[in-house]
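Okay, so here's the structure we're looking at.
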Amino acid sequence: MDNFNREEQLRQLHEKRKQTTKIKVEAAIKRLTKISKAINFNSVAEEAGVSKATLYNHPELKERIKFLRNQQEKAFEDSRIKRDESNQNAIIASLKRKIEKLEKRKKELEEENKRLRERENEKLTDYFSKL
Numbered sequence: 003m004d005n006f007n008r009e010e011q012l013r014q015l016h017e018k019r020k021q022t023t024k025i026k027v028e029a030a031i032k033r034l035t036k037i038s039k040a041i042n043f044n045s046v047a048e049e050a051g052v053s054k055a056t057l058y059n060h061p062e063l064k065e066r067i068k069f070l071r072n073q074q075e076k077a078f079e080d081s082r083i084k085r086d087e088s089n090q091n092a093i094i095a096s097l098k099r100k101i102e103k104l105e106k107r108k109k110e111l112e113e114e115n116k117r118l119r120e121r122e123n124e125k126l127t128d129y130f131s132k133l
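Numbers given in our numbering equal positions in the sequence shown, counted from 1, plus 2.
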């Protein structure tokens with residue numbers, strides 16, 4: 003009979019499970035990335051069908067998830083900054099239009115005021131000339 007080495011067999015089984023877990027997690031990360039979902043320990047564990055503890059116990063998976071999570075957060079911040087900038091540009095354009103309207107209205111009122119003063123001066127001149 004062949005020598006049955008339980009320890010070696012357990013080691014091989016453990017390595018096989020480790021590889022299977024790694025494959026499942028990588029596939030889950032690809033699916034999450036494809037559908038633009040957040041990559042974090044909860045979402046990856048749920049998508050891969052493994053526990054969070056499993057992810058934390060595999061240093062290479064743990065580091066990969068941390069890296070991807072930070073990368074997504076940075077991308078989100080960058081897009082938020084771009085949105086804020088475009089929003090600010092829209093606000094600036096709106097305020098410029100409002101200023102132009104107000105300046106036009108101010109000019110109209112100044113002209114009306116000038117006409118009314120001239121008319122009043124004419125009436126006063128007529129009144130005093132009759133005296």
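Beta carbons are placed, not taken as given, at the ideal position from N, Cα and C, and that holds for glycine.
Test: residue i CB closer than 8 Å to a CB of chain C
| i | result |
| --- | --- |
| T56 | Although the question refers to chain C, the structure presented lacks it and comprises just one protein chain. |
Per-residue burial, residue i [other beta carbons within 10 Å of its own, 16 or more giving buried]
| i | result |
| --- | --- |
| E49 | buried |
| I101 | exposed |
| I183 | Residue numbering for the chain in the displayed model covers 3 to 133; residue 183 lies beyond these limits and cannot be assessed. |
| I67 | buried |
| A30 | buried |
| L34 | buried |
| A47 | buried |
| L118 | exposed |
| L133 | exposed |
Residue i in three-state terms, based on DSSP
| i | result |
| --- | --- |
| K108 | helix |
| I101 | helix |
| N123 | helix |
| N44 | helix |
| I37 | coil |
| S1 | The question about residue 1 has no answer here: the residues shown for the chain are numbered 3 through 133. |
| H16 | helix |
| M7 | Contrary to the premise, residue 7 reads as Asn rather than Met in this sequence. Residue state, collapsed to three classes: coil. |
| L133 | coil |
Cutoff 6 Å; reference residue i; Cβ partners in own chain excluding five residues on either side
| i | result |
| --- | --- |
| E105 | none |
| E28 | none |
Closest Cα partner of residue i within the set the options
| i | options | result |
| --- | --- | --- |
| T22 | N89, L57, Q73, K116 | L57 |
| P61 | L34, K24, G51 | K24 |
Residues near residue i by beta carbon distance below 8 Å, same chain, minus five either side
| i | result |
| --- | --- |
| K125 | none |
| K98 | none |
Same chain, Cβ closer than 7 Å to residue i, neighbours up to 5 away in sequence not counted
| i | result |
| --- | --- |
| G51 | K26 |
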